[in-house]
Amino acid sequence: MTYTHDRPEDSQENTSPAPPPVGRSSELEEIAQRYRELKRAIPDLMFVVDGAGRFLDMNEQFARRLGYSPDELGRKRLYEVVDGKAEDPRQKMMPFFARSGGRQTLVAKNGQRITVAVSAVSRYTEEGQFAGALVVSRVLDDGQNRAGVIAEAAQEMNQPLSGIYGYSELLKSSVTPHDPAYRYAKKIYEQSERLAALVRRIKAEQGLPPDGLAPGARPSEPGEQEADR
Amino acid sequence: MSGCIRTLVVDDEEIICEIVRDILVSEGRGVETAAAQSCQEALRLAREGTFDVVFLDVCMEDGSGVDLLESIRQHQPDARVYMITGYRVDKEIQQALTAGASGVITKPFRVKDILAALYGTASPQA
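Order-wise, the sequence lines are chains A and B. Numbering of the first sequence is given in my numbering, commencing with residue 1 and proceeding in unit increments. Numbering of the second sequence is given in my numbering, commencing with residue 1001 and proceeding in unit increments.
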């Protein structure tokens, strides 16, 4: 990997790699050349970071879109230009490194929020620590941003819905049918079903696939799993 | 399956870890559960313990569940691993199944989906 930016303060952390065998040199140079061409040609924002979020390399499009010079941005860490709050600021950047990181938000030098669709190739140490990643981000236009926010909100509703479904079923199975709690649990489940139908409708409007059920399947009723066993 | 079933639940959402654990515990048939809310913690548990069934979120905050699946597989080659996802991205589901996942559970899931995975009666794509 070519280090584009000089960072004297980091020099003690970098070790010079051993020179490759002579027969591999031309092959490696060819790969490096293809990487440089890709970096220059693609319209997307492309960068490489190490495990601490330091930029090891980036294309001009990335720096320009954020309003920095490449050198200026090279002195920052990724988590300094990512939107969000976290106790440990490094956690803010971790969603970028999922294989399909979905939509994330960068913050430009002028404070403008830029929503991007992220793809990354990440590497981890044997101990499971994040070691670095090559990230390609596509800037989404305003229409896509709005659709993305709506779709993401709909998807996120699946998290509490899983909890509500599960606990209403557990509650119902823990009491007798004569217990008022049985009826309460059933009502909660039925209302959750209405909410789930709304989520499916929103997702369909956004062109996303429905979730939760295999084709032709139907939702189970509370207590149905006992009958199935 | 006889004896105690050892399970590991991995999801960065606390409510998902809790409900899956509570569903498993409600079985009361010698099911042991451990939970992790980060890839790092999940890997540590996978290195240190032995699990029969793993429930693994596809999109973790600190990394990809599909990548984590491959790491967990190295330590738990015999475990059945079920991916849990709220996104149902076909490409990722296919990657997970190719990487050795036993099946995929989509959110919002029902109690019977979790129990089908626990007892190995779930279809590859719930």
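C-beta: ideal position from N, C-alpha, C; glycine also.
List the DSSP bridge partners of residue i.
i         : result
Arg1080/B : Val1053/B
Met1060/B : Gly1063/B
Glu126/A  : According to DSSP, which records beta bridges pairwise, Glu126/A is partnered with nothing at all.
Arg1006/B : Glu1032/B
Val1111/B : DSSP output for Val1111/B lists no bridge partner at all.
Thr1121/B : Thr1121/B is not bridged to any residue.
Gly1103/B : Tyr1082/B
Are the CB atoms of residue j and residue i within a distance shorter than 7 angstroms?
i         : j         : result
Ala196/A  : Pro1108/B : yes
Val1081/B : Leu1069/B : yes
Met1083/B : Ala1099/B : no
Tyr68/A   : Lys109/A  : yes
Ile1114/B : Ile1023/B : yes
Gly1008/B : Leu1045/B : The question names Gly, yet the displayed sequence has Leu at residue 1008/B. Result yes, Cβ atoms of Leu1008/B and Leu1045/B sit closer than 7 angstroms.
Glu1041/B : Val1066/B : no
Met94/A   : Asp1062/B : yes
Asn158/A  : Gly1049/B : no
Cys1017/B : Ala1035/B : yes
Val199/A  : Ala153/A  : no
Arg123/A  : Ala131/A  : yes
Phe1055/B : Arg1006/B : no
Ile150/A  : Ser192/A  : no
Arg975/B  : His1075/B : Since the first residue of chain B shown is 1001 and the last is 1126, residue 975/B is not available in this structure.
Leaving out the 5 sequence neighbours to the left and right, which residues in its chain are closer than 6 angstroms to residue i when beta-carbon positions are compared?
i         : result
Gln225/A  : A caution first: Gln225/A carries a pLDDT of 38, below 50, which makes its placement in the model unreliable, though a value can still be read off. If we look at Gln225/A and ignore the five residues flanking it on each side, it has no Cβ neighbours.
Cys1004/B : Gly1030 and Glu1032
Asn59/A   : Lys39 and Met46
Arg1073/B : Gly1100
Lys203/A  : Ala154
Pro70/A   : Ala63
Got a sec? Which residues, its chain only, sit under 7 angstroms from residue i by beta carbon, not counting five neighbours each side?
i         : result
Pro43/A   : Gln61
Pro8/A    : For Pro8/A, the predicted model reports a pLDDT of 42, less than 50, meaning its position is unreliable; a value from the coordinates is still stated below. Answer for Pro8/A: no residue qualifies.
Gly1012/B : Checking the sequence shown, residue 1012/B turns out to be Asp, not Gly. Hits under 7 angstroms: Gln1037, Ser1038, Asp1057, Met1060 and Glu1061.
Gly53/A   : Arg77, Leu78, Tyr79, Arg90 and Met93
Glu37/A   : none
Thr278/A  : Outside the shown range of chain A (1 to 229) lies residue 278/A, about which nothing can therefore be said.
Glu72/A   : none
Gly51/A   : Gln129, Phe130, Ala131 and Gly132
Ala1079/B : Phe1051, Asp1052, Val1053 and Val1054
Under 6 angstroms: does the beta carbon of residue i sit that close to some heavy atom of the ligand COA?
i         : result
Ser1102/B : Ligands in the displayed structure: none, and consequently the ligand COA is not present.
What does a CB cutoff of less than 8 angstroms around residue i pick up in its chain, not counting 5 residues either side in sequence?
i         : result
Arg113/A  : Asp83, Thr105, Leu106 and Val107
Arg229/A  : Residue placement at Arg229/A is poorly supported in this model, since its pLDDT is 32, which falls under 50; the coordinates still yield a value, given next. None.
Thr176/A  : Tyr182
Pro215/A  : Because Pro215/A sits at a pLDDT of 30, beneath the cut-off of 50, its placement in the model cannot be relied upon, and the following sentence gives the value as read from the coordinates. Contacts found: none.
Ile1105/B : Phe1055, Tyr1082, Met1083, Ile1084, Thr1085, Asp1113, Ile1114, Ala1117, Ala1122 and Ala1126
Leu140/A  : Arg103, Thr115, Val116, Ala117 and Gly148
Gln161/A  : Note that residue 161/A is Leu in the sequence shown, not Gln. Here the set comprises Ser192, Leu195, Ala196 and Val199.
Glu1027/B : Leu1115 and Leu1118
Legend entry - Segments assigned alpha helix (DSSP H), at least 4 residues, entirely inside the stretch 40-113 of chain A: If one requires a minimum length of 4 residues, the alpha helix (DSSP H) runs lying completely within the stretch 40-113 of chain A are 60-66 and 70-74, in chain order.
Inset, instruction - Report yes or no: do three or more beta-carbon pairs, one from the stretch 84-101 of chain A and one from the stretch 114-123 of chain A, lie closer than 8 angstroms? - result: Flag = yes, the stretch 84-101 of chain A and the stretch 114-123 of chain A touch.
Inset, instruction - Would you check if there are 3 or more beta carbon pairs closer than 8 angstroms linking the stretch 46-58 of chain A to the stretch 77-87 of chain A? - result: Segments in contact, yes.
Legend entry - Contact the stretch 186-203 of chain A vs the stretch 153-172 of chain A: 3+ CB pairs below 8 angstroms: Yes: the two stretches touch, three or more of their Cβ pairs being nearer than 8 angstroms.
Legend entry - alpha helix (DSSP H) runs contained entirely in the stretch 141-201 of chain A, provided each spans 4 or more residues: If only complete runs of 4 or more residues are kept, the stretch 141-201 of chain A shows the alpha helix (DSSP H) at 142-156 and 158-173, in order along the chain.
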